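Reviewing the structure listed below.
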Amino acid sequence: MTPANGSTGPAAPSASPGRAPAPGERDANPDPGRDASERKGYSEYGVAVLLLALGVWAIVDAMGLSETATARGPVGPRTVPVVVGALLIAMAVLLVVDLLRGGRGEQEGGEDVDLDQGSDWRTIGLLVAAFVANALLIERVGWPISGAILFFGTTYALGSRHYVRNAVISIVMSVGTWYLFYAGLDIKLPAGLLKGIL
Amino acid sequence: MDGINSLIEGFGTALTPINLLYAFIGVLLGTAIGVLPGIGPAMTIALLLPLTFTLEPTQAFIMFAGIYYGGMYGGSTTSILLNTPGESASVVTAIEGNLMAKKGRGAAALATAAIGSFIAGTIGTLGLALLAPVIVKLAVQMGAPDYFAVMVLAFVAVTTVLGSSKVRGLASLGIGLLVGTIGIDPTSGQQRLTFGIPELADGIDVVVLAVGLFAVGEALWVAAHLRRQPLDIVRVDNAKMDREDWRRSWKPWLRGTLIGFPFGAVPAGGAEIPTFLSYATEKKLSKHPEEFGHGAIEGVAGPEATNNASAAGGLVPLLTLGIPTTATAAVMLGAFQSYGIDPGPRLLQDQAPLVWGLIASLFIGNTILLALNLPLATVWARLLRIPRPYLYAGILFFASIGAYAANSSTFDLWLLIIIGALGFFMRRYGLPVVPAIIGIILGPAAEEQLRRALQISDGELGGLVNTAFSQIVYVVIVALLVVPPIVRAVRNRRPGGGDGTPDPDRDAPVGTHAHANAEGL
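Protein sequence lines correspond, in order, to chains A and B.
Quick note on numbering: the numbering used here labels position 4 of the first sequence as 4, and the sequence is numbered without any gaps.
Quick note on numbering: the numbering used here labels position 421 of the second sequence as 421, and the sequence is numbered without any gaps.
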């Protein structure tokens, strides 16, 4: 987890002298990054909208609670949701103020993260599709099949094109984990279509 | 010295062959998963939680102990061998450690990190064993207002200390508190924020939350920005150090331990600040300050010891007060709760064998860690070469198993996608994840204490500040909020105060924490 990097991480390694800049590092290629951050400028307001929506949801939901249980204490079930909702709404407002004054959320860095590129929505879409497929299929066809689809789908989404190898690894992984959980941990993942075979 | 006696009994629990095996498996898996790039200690614990579902609590706790230290150590190996830091606590280790590795001194860097972690972990765990009974004695006298004050302190510390934007930190905390509210209100029995969905009545399972925020959120985020060029991994031999390395390392180890443990023990936001502090200290005290920035061994030994000592220190508030100070501790607390075990002052009395077994296992795990890491460094280095599609496919795969297996429910898989999406957007828009997980895990407990305190005072708000202890804590909170901006304003007026040492901006919060520490929390 890297909550702070770049401007606030005063000792981010790029600041240390004597370190050769590697190709593709953050500041080596400013143009695509700038495009991305300009586009991001507007979408940041979406965060404020989300906070506002969550805050309103908390307060509206709290208003639907009955306070009849107050006999058990002066602070009823409404108090905390209302306070949290108010906090979220206040932060939505302050975030808009911050954005208008030029503040931007810092994207999180990491070992495998290259922030010069904008988000790759195709990859995300494929990953979510693999995920949804697993959720839809796990109880219908069983984990050995749905898990293999999940693993194969995610490797494909992430750019691996060794189809045969990936398929073999996927099946070994899903069947292997099914047996590991069944025999080793006594947790029964759905066997689905392969019931009786495994 | 009842701590020592209990500890010996704890060793009795932990040293049975089967429990030793669990400790070993925990350390091995914790290190192996923690070494993988992109996987921090919190995600390591979250992904490995399902393995403990069917264990007895004692064995699960023993395994947690191994995973905890293993995951911590794994993270620092990654940062020495890769030229980009992973989790925040390893940022400092990465600076000098990676430079050393590039100069062909990777073996010494790994060795000083491993031995330093062992020494700091051992001393820190000893500190935990001695301090925990004392804190518990004080803590049993703490009332609801005191607890609530400490929890508010934890919330404030984690949102103001970490990250650059207080607004985003607080927004993240708010989201966490909101998610923590989902489910049946324990006092009135009414459903809150559940849309009437029965699966949400008990709240969202901690495994789904932790795995969603840390594993799925992180994997989606990395996938969207996957570095296409291969990373520069430094070749390394098995970890070893020569006489000169030892001579230069032992003092930084001890100093790092002294710095890290107290910082870990106060609810003040984890290992980031003390590791920076240790780095600055070592640079100042070093006879070779010119080597800093070119791979100074002191710059690895000190921060790495600090990191581990602070991990040990973080277990003090976790086990004695039930207050997590880091994301990793929050995930552990959630895991404990899923066993029906509520960390807090009564835990040490009611479940003494469990807790002392855990503490003894920390010693054992730490020793296993040292024995594993010196010879296995090259194996860990090879793990870093795992093709990224397999790594992130594996994370999503095991995240899905964990979420499903928690309740054998497809509903949890849908929740996992939603929470993963939340984790993704938080990373994209700079909302720190740590306040959210602390809010989720600690929020319900804080609400309970708040209600209890106000129940006692019959609704008078003064009931929240009617003890000396709570008043002190609120003073600390105000200081935490007020002092850093003032210091920063003063500093900005002084020209040229922001270069060279790694911690110019960190000085301000450091001062306030030393203060918080002096209050004996």
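No residue lacks a Cβ here, since even glycine has one placed at the ideal position from N, Cα and C.
What you are looking at is a predicted structure, and each value in this text was computed from that prediction instead of being measured.
Item                                                                                                                   : Value
C-alpha distance - B:G116 paired with B:T52, whole-angstrom precision                                                  : 29 Å
Proximal residues, the segment 95-119 of chain A versus chain B, C-beta separation under 9 Å                           : L95, V97, D98, G103, R104, G105, E106, Q107, E108, G109, G110, E111, D112, V113, D114, L115, D116, Q117, G118, S119
Run of the alpha helix (DSSP H) containing B:Q471, from where it starts to where it stops                              : 468-493
Pair within 8 Å by beta-carbon distance, B:G124 and B:N308                                                             : yes
Proximity winner among B:I18, B:A446, B:G203, relative to B:G189 (alpha-carbon distances)                              : B:G203
Residue-level contact to chain A via CB, B:E447, 8 Å cutoff                                                            : yes
Partner residues on chain A for B:V571, Cβ-Cβ distance less than 9 Å                                                   : The displayed coordinates of chain B run from 1 to 521. Any statement about residue 571 of chain B would go beyond what the structure contains.
Residues of its chain near A:E44, where Cβ-Cβ distance is below 7 Å and the 5 sequence neighbours each way are ignored : L99, R104, G105
Range covered by the alpha helix (DSSP H) that runs through B:I440                                                     : 433-456
CB of B:G70 within 8 Å of CB of B:G30, strictly                                                                        : yes
Whether B:A114 touches B:L374 by CB criterion (8 Å)                                                                    : yes
Three-state class that DSSP yields for B:A14 in the structure shown                                                    : helix
Beta carbon of B:L47 nearer than 8 Å to that of B:A215                                                                 : yes
C-beta contact flag for B:V482 and B:Y474 at 8 Å                                                                       : no
Members of the segment 149-160 of chain A that neighbour chain B once the beta carbon cut-off is set at 9 Å            : L150, F151, F152, G153, T154, T155, Y156, A157, L158, G159, S160
Residues that B:I175 contacts on chain A, provided the C-beta gap is smaller than 8 Å                                  : L51, L54, L88
Contact set for A:G55: own chain, Cβ-Cβ below 6 Å, skip 5 residues either direction                                    : G85, L88, I89
Heavy atom of the ligand NAP within 7 Å of A:Q107 beta-carbon                                                          : For the ligand NAP, the structure offers nothing, since it holds no ligand at all.
Closest residue to B:A210 among B:R247, B:V433, B:P303, B:K283 (Cα-Cα distance)                                        : B:V433
Alpha-carbon spacing of B:L461 relative to B:L454, whole angstroms                                                     : 7 Å
Any chain B beta carbon closer than 8 Å to A:G142                                                                      : no
The segment 121-135 of chain B / the segment 313-320 of chain B touching (three or more Cβ pairs under 8 Å)            : yes
Residues sharing a beta bridge with B:R192, DSSP                                                                       : B:G183
Rounded straight-line distance, which links the Cα of B:Y404 to that of B:L55                                          : 18 Å
Neighbour list for A:L65 in chain B, Cβ cutoff strictly below 9 Å                                                      : D185, S188, Q190, Q191, R192
Proximal residues to B:F336 (C-beta, below 7 Å), its chain only, five neighbours per side dropped                      : P343
Neighbour flag for B:W250 against chain A, beta carbons, 8 Å                                                           : no
DSSP state of A:D27 mapped onto helix, strand, coil                                                                    : Interpretation of A:D27 is limited by its pLDDT of 40, a score under 50 that renders its predicted location unreliable; no figure is taken from the coordinates.
Separation of A:G153 from B:T13, as counted between CA atoms                                                           : 45 Å
Unbroken alpha helix (DSSP H) run spanning B:Y69, endpoints                                                            : 57-81
Cβ neighbour criterion (16 or more within 10 Å) applied to A:K195                                                      : exposed
Reference B:Y339, options B:L21, B:I18, B:L49, B:I175, closest by Cα                                                   : B:L49
Inter-residue spacing [alpha-carbon to alpha-carbon] between B:V150 and B:V222                                         : 35 Å
Distance, B:A468 Cα to A:A133 Cα                                                                                       : 57 Å
B:G365: first and last residue of the uninterrupted alpha helix (DSSP H) it sits in                                    : 352-383
For B:G295, the nearest candidate out of B:N238, B:I80, B:D350 (CA to CA)                                              : B:I80
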